[in-house]
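Participant: Please find one structure pasted underneath; my questions will follow.
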Amino acid sequence: MQNIIEFIQKTFKSNKFIPLHEPRFIGNEKEYLNKCIDSTFVSSVGEYVDKFEEEFAKKVGSKYAIATVNGTSALHISLLLANVTENDEVITQALTFIATCNAISYIKSKPIFVDVDKDTMGMSPDSLKNFLEKNCEIKDSKCINKSTKKIIKACVPMHTFGHSCRIDEIKSICDEWKISLVEDAAESLGSFYKKQHTGTFGDLGAFSFNGNKIITSGGGGVIVTDDEKLARRAKYLTTTAKVPHPFEYIHDEIGFNYRMPNLNAALLVAQLENLDFFIKRKKELANKYKEFFKDNNDVNFVEEPKNSNSNYWLQAVLLKDSSNRDGFLEFMNKNGVMTRPIWKLMNELEMFKDSQSSTLENSKYLEQHIVNIPSSVIL
Ligand SMILES: *Cc1c(COP(=O)(O)O)cnc(C)c1O
């Protein structure tokens, strides 16, 4: 294991603590922030928020983009736009970051957990299909869960660490079963599946710009969609459900104060300009790791799955023997190389332990074997 430490220190040109993921501010960040402050438009109205939405939609190839305060709020609003209510259920994957399930829970809807694929670490279309065929029926163009009698309104797959799941197959299954597809693309900006950008396959897609993501606005998120009505409603719900009027405050629904401030957008516009460079460097790092771990019998580097052109946001290894995991984590962290296990399965957390789930063989396997290693852009 000492050789892994030495390799990572050499690669990151550092003998000090090497974090998992640091942001990089090497472009126009300070210039735009200064301009933003000078303009006094630092809050929820301003040219950078509008500019960001325009540039982002162009970048991922969607018709509309609506900026939000974070990725969780982008997911929350996306689920509301998919008409999810507290009486409904939402299918997601057991192996994901908590935010996916928090958003489902804000509406008081119930999550159902299906398995992931071993190679993509994202939702398995086979597991999804199997769950639906075993447990559900279509009535009046709605997907009914036979055991709870509730409607399954939405499905939220997630593109883990920037590797895309088999999203085209998931989309076909959702179409067949009359379920809205909301993609949690929080980790996959710059990742493509069969040449189409992740987050644009579903009715709605949500991205995050938290400090640890591939580009950051400090905190921030965005919703993408090709549906003009959904886009207009997304903007309206994230801006306190205010009816357009030159001076009156008229709100005709409970809305949210979820709009990304201009200050954050100024930072983000500059970050977006460097996205391609960041991804290029991440792929170079992935190649270095791949080469280094090639002959290692205990540790396998996780490569992009078939049909995925990944952003390699967080690099990961798969430990052959799960009994070595905690020892590996302890040794690395003690020696200044930050490593972290993948998430605990959602169905094992206190809040979701009574949720319905399919068999979760792959999720359990990955939970025990996957570890993230330093992934920052090297300058
Ligand atoms: C980061 C992340 C989110 C949430 O984003 P925030 O901006 O932190 O609210 C949602 N889902 C996944 C999978 C994430 O990694």
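The working numbering applies: residue 4 is where the sequence shown begins, and numbers increase by one. Backbone N, C-alpha and C fix where the C-beta goes; we use that ideal spot for every residue, glycine too.
#1: Short of 8 Å in beta carbon distance, which residues of its chain neighbour Gly-330, apart from the five on each side in sequence? Order them along the chain.
#2: Using a 10 Å radius around the Cβ and a threshold of 16 neighbouring Cβ atoms, would you call Arg-169 buried or exposed?
#3: Taking 6 Å as the cut-off, does the CB of Phe-100 come closer than this to any heavy atom belonging to ligand 2?
#4: Among Val-93, Tyr-368, Leu-352, which residue has its Cα nearest to the Cα of Arg-328?
#5: Does DSSP put His-372 in a helix, a strand or coil?
#6: Using DSSP bridges, identify the partner residues of Gln-96.
#7: Below 8 Å CB to CB, which residues in the same chain sit around Thr-243 once its five sequence neighbours on both sides are set aside?
#8: Tell me which residues share the same chain as Val-380 and place their Cβ nearer than 6 Å to its Cβ, disregarding the 5 neighbours each side in the sequence.
#9: Just to check my reading of the structure: His-79 and Leu-317 have Cβ atoms closer than 8 Å, yes? What is that Cβ distance to the nearest angstrom?
#10: Could you spell out where the alpha helix (DSSP H) holding Asp-187 opens and where it closes?
#11: Looking at the structure shown, is Ile-110 part of a helix, part of a strand, or coil, going by DSSP?
#12: Determine the closest residue to Ser-366 out of Glu-9, Met-349, Phe-355, with distance taken between C-alpha atoms.
#13: Rounded to the nearest angstrom, what separates Met-124 and Ser-191 at their Cα positions?
#14: According to DSSP, is Val-272 part of a helix, a strand, or is it coil?
#15: Where do the N-terminal and C-terminal ends of the beta strand (DSSP E) with Ile-226 fall, by residue?
#16: Please classify Lys-19: is it buried, with 16 or more other beta-carbons within 10 angstroms of its beta-carbon, or exposed?
#17: Tell me whether Ser-183 counts as near ligand 1, meaning its Cβ is closer than 6 Å to at least one heavy atom of that ligand.
#18: Report all residues from its chain with a CB closer than 6 Å to the CB of Leu-332; omit the five preceding and five following residues, and keep chain order.
#19: Leu-233: which of Ala-102, Ala-77, Thr-219 sits nearest, CA to CA?
#20: Since I believe Phe-55 is in contact with Val-272 (beta carbons under 8 Å), could you give me their beta-carbon distance rounded to a whole number of angstroms?
#21: Is Gly-224 near ligand 1 - that is, is its Cβ less than 6 Å away from at least one heavy atom of it?
#22: In angstroms, rounded to a whole number, what distance separates the CA positions of Lys-145 and Val-225?
#23: Using a Cβ-Cβ cutoff of less than 7 Å, which residues in the same chain neighbour Val-63 once the five nearest sequence positions on both sides are dropped?
#24: Could you confirm whether any beta carbon from chain D is found closer than 7 Å to the beta carbon of Leu-271?
#25: Can you name, in chain order, every residue of its own chain whose Cβ lies under 6 Å from the Cβ of Ser-361, other than the five neighbours on each side?
#26: Using a Cβ-based criterion (distance less than 6 Å to any ligand heavy atom), does Gly-64 qualify as near ligand 1?
#27: Along the chain, where does the beta strand (DSSP E) containing Glu-190 start, and where does it finish?
#28: Just checking Thr-75 against ligand 1 - is the residue's beta carbon closer than 6 Å to any of the ligand's heavy atoms?
#29: Hey, out of Ile-218, Glu-276, Ile-141, Ala-189, whose CA is closest to Ile-182's CA?
#30: Using 10 angstroms around the beta-carbon of Asp-301, count the other beta-carbons present and answer buried if the total reaches 16, otherwise exposed.
#31: Would the beta-carbon of Ile-101 fall within 7 Å of that of Val-340?
#32: Between the Cα of Cys-177 and those of Asp-298, Asp-187, Lys-132, spot the shortest distance and give me the residue it belongs to.
#33: Indicate the three-state DSSP secondary structure (helix, strand or coil) for His-79 in the structure shown.
#34: What separation, rounded to the nearest whole angstrom, lies between the Cα atoms of Gly-193 and Asp-279?
#35: Short of 6 Å in beta carbon distance, which residues of its chain neighbour Phe-44, apart from the five on each side in sequence? Order them along the chain.
#36: Check Asn-195 in the structure and name its three-state DSSP category.
Facilitator: Concretely, from the data shown:
#1: Along the sequence shown, read from residue 1 onward, the residue named residue 330 stands at position 327. For Gly-330, there are no CB contacts under 8 Å within the same chain when 5 residues up- and downstream are skipped.
#2: Within the sequence shown, residue 169 is the residue found at index 166, counting from 1. Result: buried.
#3: Although ligand 2 was asked about, the structure shown includes only ligand 1 as ligands.
#4: For this step, residue 328 is matched to residue 325 along the sequence shown. It is Tyr-368 whose Cα lies nearest to the Cα of Arg-328.
#5: By one-based count along the sequence shown, residue 372 stands at place 369. Looking at His-372 - three-state DSSP - the assignment turns out to be helix.
#6: In the sequence shown, the residue the question calls residue 96 occupies position 93. The bridge partners DSSP lists for Gln-96 are Val-117.
#7: Reading the sequence shown from its first residue, position 240 is the one you call residue 243. Correct list, in chain order: His-254, Gly-258, Phe-259, Asn-260.
#8: Taking the first residue of the sequence shown as position 1, residue 380 is located at position 377. Once the five neighbours on either side are set aside, the close Cβ partners of Val-380 are Arg-27, Phe-281, Arg-284.
#9: Locating residue 79 in the sequence shown gives position 76, counting from the first residue. Locating residue 317 in the sequence shown gives position 314, counting from the first residue. At roughly 23 Å, the Cβ-Cβ gap does not stay under 8 Å, so His-79 and Leu-317 are not in contact.
#10: For the purposes of this step, residue 187 is taken as the residue at position 184 of the sequence shown. Not the alpha helix (DSSP H): Asp-187 falls in the beta strand (DSSP E), residues 183–187.
#11: Translated into the one-based positions of the sequence shown, residue 110 becomes position 107. Here Ile-110 sits in coil by DSSP.
#12: Translated into positions along the sequence shown, residue 366 becomes position 363. Answer by Cα proximity: Met-349.
#13: Looking up residue 124 in the sequence shown gives position 121. Looking up residue 191 in the sequence shown gives position 188. Taking the straight line from one Cα to the other gives about 13 Å.
#14: Within the sequence shown, numbered from 1, the residue matching residue 272 stands at position 269. If DSSP states are grouped into helix, strand and coil, Val-272 belongs with the helices.
#15: Within the sequence shown, the letter at position 223 stands for residue 226. Unbroken beta strand (DSSP E) run through Ile-226: 224–228.
#16: Here the question's residue 19 lines up with position 16 in the sequence shown. That one is exposed.
#17: Numbered from its first residue, the sequence shown carries residue 183 at position 180. The answer is no for Ser-183.
#18: As a working mapping, residue 332 is identified with position 329 in the sequence shown. Short of 6 Å from the beta carbon of Leu-332, and not among the five residues preceding or following it, lie these beta carbons of its own chain, in chain order: Thr-342.
#19: Indexing the sequence shown from 1 puts residue 233 at position 230. Out of Ala-102, Ala-77, Thr-219, Ala-77 has the C-alpha closest to the C-alpha of Leu-233.
#20: Here residue 272 corresponds to residue number 269 of the sequence shown, with the count starting at 1. Here residue 55 corresponds to residue number 52 of the sequence shown, with the count starting at 1. Right, the Cβ-Cβ distance comes to about 5 Å (below 8 Å), so this counts as a contact.
#21: Start at 1 with the first residue of the sequence shown, and residue 224 comes out as number 221. Checking every heavy atom of ligand 1 against the Cβ of Gly-224, one is found closer than 6 Å.
#22: Here residue 145 is taken as the residue at index 142 of the sequence shown, counted from 1. Here residue 225 is taken as the residue at index 222 of the sequence shown, counted from 1. Using only the alpha carbons, I get a separation of about 28 Å.
#23: On the sequence shown, position 60 is the one that residue 63 refers to. Taken in chain order, the residues that qualify are His-200, Gly-202, Thr-203, Val-227.
#24: Within the model displayed, chain D is absent; a lone protein chain is all it includes.
#25: Counting from 1 along the sequence shown, the entry for residue 361 is found at position 358. Closer than 6 Å at Cβ, skipping near neighbours: Val-117, Asp-118, Ser-130, Phe-134.
#26: Taking the sequence shown and counting its residues from 1, the one referred to as residue 64 is at position 61. Not so, every heavy atom of ligand 1 lies at least 6 Å from the Cβ.
#27: Residue 190 sits at position 187 when you count from the first residue of the sequence shown. Taken as a continuous stretch (DSSP letters only), Glu-190 belongs to no beta strand (DSSP E), as it is neither H nor E.
#28: As a position in the sequence shown, residue 75 is number 72, starting the count at 1. Yes, ligand 1 has a heavy atom inside 6 Å of this Cβ.
#29: The residue you call residue 182 lines up with position 179 of the sequence shown. Among Ile-218, Glu-276, Ile-141, Ala-189, the Cα nearest to that of Ile-182 belongs to Ile-141.
#30: Residue mapping note: residue 301 aligns to position 298 of the sequence shown, counting from 1. Result: exposed.
#31: The residue labelled residue 101 in the question sits at position 98 within the sequence shown. The residue labelled residue 340 in the question sits at position 337 within the sequence shown. Cβ atoms of Ile-101 and Val-340: not closer than 7 Å.
#32: Taking the sequence shown and counting its residues from 1, one reaches residue 177 at position 174. That would be Lys-132, whose Cα lies nearest to the Cα of Cys-177.
#33: In the sequence shown, the residue the question calls residue 79 occupies position 76. Three-state result, His-79: helix.
#34: Counted from its first residue, the sequence shown places residue 193 at position 190. Counted from its first residue, the sequence shown places residue 279 at position 276. Their backbone Cα atoms lie some 8 Å apart in a straight line.
#35: Counting from 1 along the sequence shown, the entry for residue 44 is found at position 41. Answer for Phe-44: Asn-265, listed in chain order.
#36: As a first step, residue 195 is located in the sequence shown; it is residue number 192 there, counting from the start. It is Phe, not Asn, that sits at residue 195 in the sequence shown. For Phe-195, the three-state secondary structure derived from DSSP is strand.
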